[in-house]
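Encoded as structure tokens, the structure appears first; notes follow it.
Residue numbers (my numbering): 1 to 107.
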């Protein structure tokens, strides 16, 4: 058949391969896509998705990324979206200063 090349495994991003909770969610996402009749990712698309997932994991944290994937499945979406920052979710890249902490710079 035309267009039937070898199957490219939809592996998770290299940066998230050791996170068991992400891997479980990634397997759910792949099963969800298959159930919906969506084709497996092609190499270029998968590479772009890996770049996004890695960036989002750094920006928002893995738990928020997992929640975003689960939200996509719950809302019957075809794709994934960047996790939203909520008011009670601190940005992991922001340094939180404690005004009561001991200040080492004054000595």
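Where a beta carbon is used, it is the ideal one built from N, C-alpha and C, also for glycine. Since we're looking at a predicted model, the values are computed, not measured.
Buried/exposed call for residue i, threshold 16 Cβ in 10 Å
i: residue 22; result: buried
i: residue 3; result: Note on residue 3: pLDDT 45, under 50, position unreliable in the model; the coordinate value appears next. Result: exposed.
i: residue 74; result: exposed
i: residue 57; result: buried
Cβ-Cβ distance between residue i and residue j below 8 Å
i: residue 19; j: residue 62; result: yes
i: residue 50; j: residue 83; result: no
i: residue 85; j: residue 53; result: no
i: residue 191; j: residue 78; result: With the chain covering 1 to 107 only, the question about residue 191 has no answer from this structure.
Reduced DSSP secondary structure (H/G/I, E/B, other) of residue i
i: residue 20; result: helix
i: residue 110; result: No answer is possible for residue 110: it lies beyond the span of the chain, which begins at 1 and ends at 107.
i: residue 79; result: coil
i: residue 61; result: coil
i: residue 38; result: coil
i: residue 12; result: coil
CB-CB length for residue i against residue j, believed under 8 Å
i: residue 80; j: residue 69; result: 6 Å
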